[in-house]
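Engineer:
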Amino acid sequence: MADYSRVRVVSRSLVKAPGAVTPRILAVSNLDLLPRPIPSLLLCAYRKPTTGCFGDVVAIFKASLPSLLEHFFPLAGRLVSSPRSGVPEVHCDNQGAELVVGEAGVELASLDYGALGASLARIGALVQYGADVVLSVQLVSFACGGFTVAWCSNHVVMDGYGLCMLASMWSELARSGRIDTTRGGGAPSFDRSVLPRPRAVPSYSPSLTEAFTPFEGKHLVNSLTAGSYCVTRLYYVQERDIAMLRARASREAVGERHATRLEAVSAYLWKALAAVVAASGSDETCRMGWWVDGRRRLSVPGNEPAMRNYVGNVGTFALAEETVEEVRRRPLPEVASMVREAIAARATEEHFQELVDWVEEHKGGRFVETATVGLGSPALAVTSFASFRLRTDFGFGHAALAMPMMLAGTGRLCAGFVKIVPRPGGDGSWVVSMVVWPRLAAALDSDEQRILRPVTAEYLGLKAENPCSRL
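Take a look at the structure:
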């Protein structure tokens, strides 16, 4: 049994961008207002460095953070509500990003990786930060000599793509002393003008209104039910199994487009869900959903670099519903085609324009995707980071694990949730985080194909070693 002693905060400081700055206000876009204003973060776990110790790690982050803020200046500001509209806005006044250093009296190998969020919460490895703080960087050493780094922000300010870009550019800065803005799309962009503006007369399909539900108690599942509906899992999928699924999900006819890795794995999960729903005998249909990044869809000649390095929210939710019988009956290539068609239907400039118009008419309210509430047929919602740039080497090796997380968890939402992240280091395997119904977890655990295997400390290479001196 692990000794879950609480993390001791060694230091907590504010780091500012260097030089004189002119304060300004960064207004959020309508697409920024779709996510709930909740803390979001990217957590990386590292093995013990082969050279140096935790103090050297802290020194690298402290030394490079001011230069990073020159490129990501709004992250040194504060998130406040506009006194006129009540809508969030970022005051870019260089109050400083937060840098927290702590130490845990347990080893990384002692954490429960099947329930990683709860395990980290028990030891306080994710330190609470102010709701107005735009960036809190948290470094925590562990008794084994390994450590974690958490880049914490608010979902209103940026999505998972932005968090991955922040970590990747910081990695480049720490290793080379500079961020090369001549390649990879240029400098980070917070310019909201590259996104569609609300039309003078908002126009959108009635189905868009049906796609959202007010985030209010009377529209949600009660807290006791929500608190008991799910189990958590952390799996990995080997590259060869992803390739095998992709081959099975692709049509053999000449000229046919091969299924993508995401389409293939989604088709596998949809068929698994359909089998579980069929066994329960209570629902005739089941649903799959995907959060779709709109950066490529909204790129036009001249703004590609700004969209590629855009820091903000550019996402929408694609949903498909089909009868359980059809999903089970159809071969994997046909289910993969259903996935592709559902995503393509939302990956259009017109859809994002309608989304912007819809938000314009519903500002001030808090909404959530209707399919994720947990009413109606079971829905499994997928977020994939597999195509995002994510570099985690700051000079002491790639992270053993990189995982986007929400401190608030799923709350009273009772859909199934899946997050897909590439394993750091580029070996082609994926790490898959799930919050799902016990029956689906049991089915995936017992699948004879063993596509999804449980992540363990041994798999991550986080075995206990003699600790080095820590701060």
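Going by full-length UniProt numbering, the letters in the sequence shown line up with residues 1 to 471, in that order.
Think of the CB as a built atom: it goes at the ideal place given N, C-alpha and C, for glycine as much as any other residue.
In whole angstroms, what is the alpha-carbon distance linking Ala293 and Phe317?
Structural biologist: In the sequence shown, counting from the first residue as 1, residue 293 sits at position 293. In the sequence shown, counting from the first residue as 1, residue 317 sits at position 317. A small fix is needed here, since residue 293 is Asp in this sequence, not Ala. Cα-Cα distance, rounded: 9 Å.
Engineer: Closest by CA to Val435, which one among Met405, Arg450, Ile451?
Structural biologist: Sequence index remark: in the sequence shown, residue 435 carries index 435 (1-based). With distances taken between Cα atoms, Val435 lies closest to Met405.
Engineer: Would Gly102 pass as a contact of Val127 if the rule is Cβ separation under 8 Å?
Structural biologist: Here residue 102 refers to the residue found at position 102 when the sequence shown is read from its first residue. Here residue 127 refers to the residue found at position 127 when the sequence shown is read from its first residue. Contact: yes.
Engineer: Quick check on the DSSP output: what are the complete beta strand (DSSP E) runs of length 3 or more inside the segment 342-384, in order along the chain?
Structural biologist: As far as the segment 342-384 is concerned, its whole beta strand (DSSP E) runs of at least 3 residues are 367-369, 379-384.
Engineer: Taking Cβ positions, are Tyr235 and Val432 nearer each other than 8 Å?
Structural biologist: Position 235 of the sequence shown, counted from the start, is the residue given in the question as residue 235. Position 432 of the sequence shown, counted from the start, is the residue given in the question as residue 432. Yes, Cβ-Cβ distance for Tyr235 and Val432 is below 8 Å.
Engineer: According to DSSP, is Asp191 helix, strand or coil?
Structural biologist: Counting from one through the sequence shown, the residue named residue 191 turns up at place 191. Note: Asp191 maps to coil in three-state DSSP.
Engineer: Check whether the segment 22-30 touches the segment 132-148, taking contact to mean three or more Cβ pairs, one atom from each stretch, closer than 8 Å.
Structural biologist: Not touching, per the Cβ criterion.
Engineer: Between the Cα of Val106 and those of Ile123, Asp93, Ala115, spot the shortest distance and give me the residue it belongs to.
Structural biologist: By 1-based counting over the sequence shown, the position of residue 106 is 106. Per the Cα distances, Ile123.
Engineer: Terminal residues of the continuous alpha helix (DSSP H) containing Arg78?
Structural biologist: The residue labelled residue 78 in the question sits at position 78 within the sequence shown. It is not in any alpha helix (DSSP H) - Arg78 instead sits in the beta strand (DSSP E) that spans 78-81.
Engineer: Got a sec, what are the start and stop residues for the beta strand (DSSP E) Asp159 sits in?
Structural biologist: Your numbering for residue 159 matches position 159 in the sequence shown. Asp159 -> no beta strand (DSSP E), and no H or E assigned at all.
Engineer: Kindly indicate which residue of Asp283, Thr348, Val356, Phe352 has the alpha-carbon position closest to the one of Glu322.
Structural biologist: For the purposes of this step, residue 322 is taken as the residue at position 322 of the sequence shown. Ranking Asp283, Thr348, Val356, Phe352 by Cα distance to Glu322 puts Asp283 first.
Engineer: Thinking just about the alpha-carbon of each residue, which of Gln353, Leu43, Ala442 is nearest to the one in Val277?
Structural biologist: Within the sequence shown, numbered from 1, the residue matching residue 277 stands at position 277. Measuring from the Cα of Val277, the nearest candidate turns out to be Ala442.
Engineer: Check the C-beta distance from Leu108 over to Met403 and give it rounded, since I have them as a contact under 8 Å.
Structural biologist: As a first step, residue 108 is located in the sequence shown; it is residue number 108 there, counting from the start. As a first step, residue 403 is located in the sequence shown; it is residue number 403 there, counting from the start. Going by Cβ atoms, the distance from Leu108 to Met403 rounds to 13 Å, so no, they are not a contact pair.
Engineer: Let me make sure I understand the geometry here. Which of Val324, Ala272, Thr181 has the alpha-carbon closest to that of Asp447?
Structural biologist: One-based indexing of the sequence shown puts residue 447 at position 447. The option with the nearest alpha carbon to Asp447 is Ala272.
Engineer: Can you grab the Cα-Cα spacing for the pair Ser85 / Pro438, in whole Å?
Structural biologist: Taking the first residue of the sequence shown as position 1, residue 85 is located at position 85. Taking the first residue of the sequence shown as position 1, residue 438 is located at position 438. Using only the alpha carbons, I get a separation of about 43 Å.
Engineer: Return the chain-ordered list of same chain residues with a C-beta closer than 7 Å to the C-beta of Arg178, the five sequence neighbours on each side being excluded.
Structural biologist: Sequence index remark: in the sequence shown, residue 178 carries index 178 (1-based). Nothing listed; no residue qualifies.
Engineer: Give the list of continuous alpha helix (DSSP H) stretches no shorter than 4 residues that lie fully inside the segment 116-155.
Structural biologist: Segments of the alpha helix (DSSP H) lying fully in the segment 116-155: 116-123.
Engineer: Could you compute how far the alpha carbon of Val314 sits from the alpha carbon of Asp357?
Structural biologist: Indexing the sequence shown from 1 puts residue 314 at position 314. Indexing the sequence shown from 1 puts residue 357 at position 357. For Val314 and Asp357, the distance between alpha carbons rounds to 14 Å.
Engineer: Taking the C-alpha atoms as reference points, what is the distance between Thr372 and Phe417?
Structural biologist: Looking up residue 372 in the sequence shown gives position 372. Looking up residue 417 in the sequence shown gives position 417. Roughly 9 Å separates the two Cα atoms.
Engineer: Determine the burial state of Pro424: buried for a count of at least 16 other Cβ atoms within 10 Å of its Cβ, exposed for fewer.
Structural biologist: Taking the first residue of the sequence shown as 1, we reach residue 424 at position 424. Per the 10 Å Cβ criterion, buried.
Engineer: Do you know offhand how far Arg36's Cα is from Glu252's?
Structural biologist: On the sequence shown, residue 36 is found 36 positions in, with the first residue counted as 1. On the sequence shown, residue 252 is found 252 positions in, with the first residue counted as 1. The alpha-carbon atoms of Arg36 and Glu252 are separated by roughly 43 Å.
Engineer: Between the alpha carbons of Leu75 and Ala187, how many angstroms are there, rounded?
Structural biologist: Taking the first residue of the sequence shown as 1, we reach residue 75 at position 75. Taking the first residue of the sequence shown as 1, we reach residue 187 at position 187. For Leu75 and Ala187, the distance between alpha carbons rounds to 15 Å.
Engineer: Can you tell me the Cβ-Cβ gap for Asn154 and Pro39, rounded? I've got them flagged as a contact below 8 Å.
Structural biologist: Taking the first residue of the sequence shown as position 1, residue 154 is located at position 154. Taking the first residue of the sequence shown as position 1, residue 39 is located at position 39. Confirmed, about 6 Å.
Engineer: Whole angstroms is fine: what's the gap from Ala45's alpha carbon to Val133's?
Structural biologist: Position 45 of the sequence shown, counted from the first residue, corresponds to residue 45. Position 133 of the sequence shown, counted from the first residue, corresponds to residue 133. Rounded to whole angstroms, Ala45 to Val133 spans 23 Å at the Cα level.
Engineer: Kindly indicate which residue of Gly397, Leu298, Arg24 has the alpha-carbon position closest to the one of Gly52.
Structural biologist: On the sequence shown, residue 52 is found 52 positions in, with the first residue counted as 1. For the residues Gly397, Leu298, Arg24, the minimum Cα distance to Gly52 belongs to Gly397.
Engineer: I need the straight-line Cα distance from Leu224 to Gly411, nearest angstrom please.
Structural biologist: Taking the first residue of the sequence shown as 1, we reach residue 224 at position 224. Taking the first residue of the sequence shown as 1, we reach residue 411 at position 411. Straight-line Cα distance between these residues: approximately 11 Å.
Engineer: Which runs of the beta strand (DSSP E) spanning at least 3 residues fall entirely within the segment 164-229, listed in chain order?
Structural biologist: Entirely contained in the segment 164-229, the beta strand (DSSP E) runs reaching 3 residues are, in chain order, 212-214.
Engineer: Would a C-beta distance cut-off of 8 Å place Val311 and Phe190 closer than the cut-off?
Structural biologist: Looking up residue 311 in the sequence shown gives position 311. Looking up residue 190 in the sequence shown gives position 190. For Val311 and Phe190, yes; Cβs fall inside 8 Å.
Engineer: Whose C-alpha, out of Thr370, Ala415, Leu33, Asp445, is nearest the C-alpha of Gly227?
Structural biologist: Translated into positions along the sequence shown, residue 227 becomes position 227. That would be Ala415, whose Cα lies nearest to the Cα of Gly227.
Engineer: The alpha helix (DSSP H) that contains Ala20, what's its start and end?
Structural biologist: To locate residue 20, count along the sequence shown from 1; it is residue 20. First-last for Ala20: undefined, no H or E at that position.
Engineer: Suppose contacts are defined by Cβ-Cβ distances below 8 Å. Is Arg287 in contact with Ala320 by that definition?
Structural biologist: As a first step, residue 287 must be located in the sequence shown, where it is residue number 287. As a first step, residue 320 must be located in the sequence shown, where it is residue number 320. In this structure, Ala320 lies closer than 8 Å to Arg287 by Cβ.
Engineer: For the beta strand (DSSP E) that contains Ser13, what are its first and last residues?
Structural biologist: Residue numbering aside, residue 13 sits at position 13 when the sequence shown is read from its first letter. Looking at the DSSP string, the run of the beta strand (DSSP E) that includes Ser13 is 8-15.
Engineer: Is it buried or exposed, Asn222, if we count other Cβ atoms within 10 angstroms and call 16 or more buried?
Structural biologist: Within the sequence shown, residue 222 is the residue found at index 222, counting from 1. Burial call: exposed.
Engineer: Could you check what DSSP says for Glu252 in three-state terms: helix, strand or coil?
Structural biologist: As a first step, residue 252 is located in the sequence shown; it is residue number 252 there, counting from the start. Note: Glu252 maps to coil in three-state DSSP.
Engineer: Return helix, strand or coil for Trp290, following the three-state DSSP convention.
Structural biologist: Stepping through the sequence shown from its first residue, residue 290 is reached at position 290. Three-state result, Trp290: strand.
Engineer: Where do the N-terminal and C-terminal ends of the alpha helix (DSSP H) with Phe61 fall, by residue?
Structural biologist: Counting from one through the sequence shown, the residue named residue 61 turns up at place 61. Element bounds for Phe61: 54-71.
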